[in-house]
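In terms of the working numbering, the sequence shown is residues 1133 to 1895. Beta carbons are placed, not taken as given, at the ideal position from N, Cα and C, and that holds for glycine.
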Amino acid sequence: MATETPQPNSLSLSGTFSSSNKLTVEAAEKLANEALRLPMSDAVPIYEHLLANFPTSVKYWKQYVEALMASNNDEATKQVFSRCLLNCLQVPLWRCYIRFIRKVNDKKGIEGQEETKKAFEFMLNYVGSDIASGPVWMEYVAYLKSLPAQTTLEESQRMTTIRKLYQRAIVMPTHHVEQLWRDYENFENSVSRALAKGLVTEYQPKYNSARAVYRERKKYVDEIDWNMLAVPPSGTPKEEMQWVAWKKLLSFEKGNPQRIDNASANKRITFAYEQCLMYLYHYPDIWYDYAMWHTINGSQDSAVKVFQRALKALPDSGMLKYAYAELEETRGATQAAKKVYESLLGDGVNATALSHIQFIRFLRRTEGVEAARKYFLDARKSPNCTYHVYVAYAMMAFCLDKDAKLAHNIFEAGLKRFMHEPSYILEYADFLCRLNDDRNIRALFERALSSLPPDESVEVWKRFAQFEQTYGDLTSMLKVEQRRKEALCRMTENGESVLENSLQDVISRYSFMDLWPCSTKDLDHLSRQEWLFRGVNKKIENPTVNGPSSADRTTADIPINSNVSSKVVYPDVSRMVIYAPGQKPGITTPVVSGVSSTLPNGISGGAATINDTLKSLPPTLAVFVSNLPAVEGPSPDADFVISICLQSNIPPASAKHSAPQQLPSGPVPSASDVSGSSKLRQTRDRQAGKRKGMERQDDDDTSTIQSQPLPKDAFKIRQLQKALGTSSRTGGASSRTGGTSSRTGGSASYGSGFSGDFSGSSG
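Encoded structure:
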């Protein structure tokens, strides 16, 4: 591009940078704002640096060309437009292009008018289907109407051109489709009312279809951020949302909602992909999807061009290179595919093992056995050649070339280099199993296990034991298992437990695939027993450990035997913590003294432990829990718990902001005191006296539990009815016994706390 040489002071303003510097979005915005304040000679290198990092940014291209147009550098402006127009299909940039063309050609007469018409047609051919292209159509119509007509023939030709332009515009689902339709109706009526009726009737259904598609398309377009810069994916929610929005729009366009011809539909889909790549330029899946769409529609040449552009955008993407080579090989262009594979290999020094393997396979498919063998001999000398290359080529020789001897030699050659790789040993063992060479399999295992350290030999020992279980006799089977335990016992904290014989060994020996010699329940039981046994051993070794038991902490250390049960999954209780929510400031926690050493849920502990537990509860709930009896079993008696609820002095809802109620410091009443306790009666009498002395409140606030409306829960209603019925019968009986109801009133109807039976008959 013919521009002035940038002065050194421009670099001092924007910082030293080169084409290899990567810009963040924030840095790019600062540079763009800085370029606006600089003279054109100083701003050019900044724009070039911005566009080297963001080659599909319409905002920066537009700012660049507008600055060049303002400086009247027409030649540089043309060159910049030639670089950006076809890769940035957005209406604002193209309208800037039209302004430049009209500025250049306005004074050239007829020749300039033709050039401007060609520019309009060129623009509509690329962005005419954009949802925002309505102003472009309207601008072109206005330009045609402004052209002078010297003769009647020229006027007729101009009207015909305008009519065809309107008819093309009203079938495009754009923001201005309704305005264009009204303008078209007015245009036809101004020319000929007789002819207008037929033409309007003919194009009315097409316009209705375009308007309906526009409304659907707008829903997808509104989800897209048209100001986003193309940056490599980083996994942010905004990027993922934009990816989803573009995928939705592409799927919508592929469905051909307007039911137009295939050529026009494919053109719109291509336009949607090109716009998508302006923002998802660094997403390999979009490039691949675009190329595969071309392939499915029978345009492999277009797919090749897409892959070539993709590799310029993402030169380090191995996925795209393999996909491109696959396409070239599929269409018979083996030399082009070979060049792609060679680009993956590079100079050979930094080539990966996978690229070596895939190139060997490619040569085997396209050039034959000898070419693949020759390259393998070279590839094994590479510093990055791993055991995978040996395995891949050996299995290729065995399965494709049917040469078991060559495959065996390759495995043996690799064993000299990769004896320390357990995975290579296992692959070699699998190969020997296919040959039914049990003698060499045992020799291989013995050689490998003699050189591998114990922590790397676990899988090899496991495979050796499986081999003996499947193909060996009982003596060899038991011998290998015993050797395995002895070799691996050093890896555990308690080696003696590993040497113990258990039923799990029998299950391992006599299971096959998903067939087990016992039920799933037995598997779970045995696994649980092993877990408990290991926990007991840990606890014996560390008897002074405080806090959670050793058995709990060792759950995560239990090795999972895949031969026993793959369905049993135990939680990692070593990571469990006690839930202890913080107390809100200003709330006094009741201190319980003299309570039983056993909580209602069966948890044993001293008074300090119980007090610590109750401190974490709200005051009212702590009072209720302290009154509950000890429970032996999975659940308490429901009737007795309800009786405790009815007798508990739970403050009303309106009292939640008042001072919390303190627990009595005396001992908790026993279960036998629940029916007829004088202490509870005295406590209730004192509390009733206090309530009478307080300032009167609403009836709802001072109502007792019994006087409140019954709950909607059917179970609670039944329990309350039983309690009230028994109380009434007991009260009647007490009146007949000489006024002894003072001792048996209230809680007397709820019976024994341990039995849970009512003192009176429930009918």
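Determine the direct distance from the alpha carbon of residue j to that of residue i, and round the result to whole angstroms.
i, j, result
"R1571", "F1665", "39 Å"
"R1497", "T1462", "12 Å"
"D1479", "M1551", "29 Å"
"E1458", "E1310", "47 Å"
"L1163", "F1494", "47 Å"
"L1361", "T1188", "8 Å"
"Y1507", "D1646", "43 Å"
"W1419", "Q1211", "27 Å"
"D1689", "S1555", "Residue confidence is low: D1689 scores 41 on pLDDT, short of 50, so the model does not pin down where it sits. Its coordinate-derived value is still stated next. D1689 and S1555: Cα-Cα distance of roughly 24 Å."
"S1261", "F1403", "8 Å"
"L1606", "N1541", "32 Å"
"E1588", "Y1456", "40 Å"
"Q1374", "R1349", "16 Å"
"H1308", "M1451", "42 Å"
"K1380", "I1557", "49 Å"
"Y1339", "A1251", "26 Å"
"Y1229", "R1295", "25 Å"
"Q1490", "K1471", "13 Å"
"S1608", "K1594", "14 Å"
"F1644", "A1575", "25 Å"
"N1257", "R1505", "53 Å"
"E1253", "R1234", "13 Å"
"A1397", "V1259", "14 Å"
"G1773", "K1351", "Note on residue identity: the sequence assigns Val, not Gly, to residue 1773. The straight-line gap from Cα to Cα measures roughly 59 Å."
"G1500", "C1517", "22 Å"
"Q1614", "P1649", "21 Å"
"H1657", "S1366", "47 Å"
Less than 8 Å between the C-beta atoms of residue i and residue j, yes or no?
i, j, result
"V1268", "R1227", "yes"
"Y1525", "F1543", "no"
"L1446", "H1426", "no"
"E1600", "Q1636", "no"
"S1514", "A1483", "yes"
"I1263", "V1353", "yes"
"Q1407", "L1183", "no"
"L1760", "I1776", "yes"
"F1232", "M1255", "no"
"A1580", "V1590", "no"
"L1297", "L1276", "yes"
"E1474", "A1468", "no"
"R1566", "A1597", "no"
"I1160", "Y1179", "Looking at the sequence shown, residue 1160 is not Ile but Ala. No, the pair does not count as a contact, with Cβ atoms beyond the cut-off."
"D1405", "Y1422", "This sequence places Tyr at residue 1405; Asp is not what is there. Result yes, Cβ atoms of Y1405 and Y1422 sit closer than 8 Å."
"C1553", "Y1603", "Checking the sequence shown, residue 1553 turns out to be Glu, not Cys. No."
Let's test the definition: count the other Cβ atoms within 10 Å of the Cβ of residue i and tell me whether it reaches 16, buried, or not, exposed.
i, result
"P1305", "buried"
"I1302", "buried"
"I1428", "exposed"
"G1266", "buried"
"R1400", "buried"
"D1562", "exposed"
"P1171", "exposed"
"W1358", "exposed"
"R1314", "exposed"
"F1577", "buried"
"V1376", "exposed"
"G1387", "exposed"
"I1492", "buried"
"T1652", "exposed"
"A1208", "buried"
"P1177", "buried"
Could you tell me how far apart the beta carbons of residue i and residue j are, in whole angstroms, since I believe they sit closer than 8 Å?
i, j, result
"I1573", "L1564", "5 Å"
"W1193", "L1155", "Not confirmed; about 15 Å, so no contact."
"L1312", "M1270", "7 Å"
"A1465", "V1521", "Not really, about 26 Å apart at Cβ, beyond 8 Å."
"A1529", "A1539", "5 Å"
"F1213", "V1197", "6 Å"
"V1363", "V1638", "With 8 Å as the limit, V1363 and V1638 do not qualify as a contact, their Cβ atoms being about 59 Å apart."
"A1342", "Q1390", "7 Å"
"M1291", "V1323", "6 Å"
Check the DSSP bridge columns for residue i and list the partner residues they point to.
i, result
"L1647", "F1644"
If we cut at 8 Å on Cβ distances, does residue i have a partner in chain C?
i, result
"Q1467", "The structure shown contains no chain C; it holds only a single protein chain."
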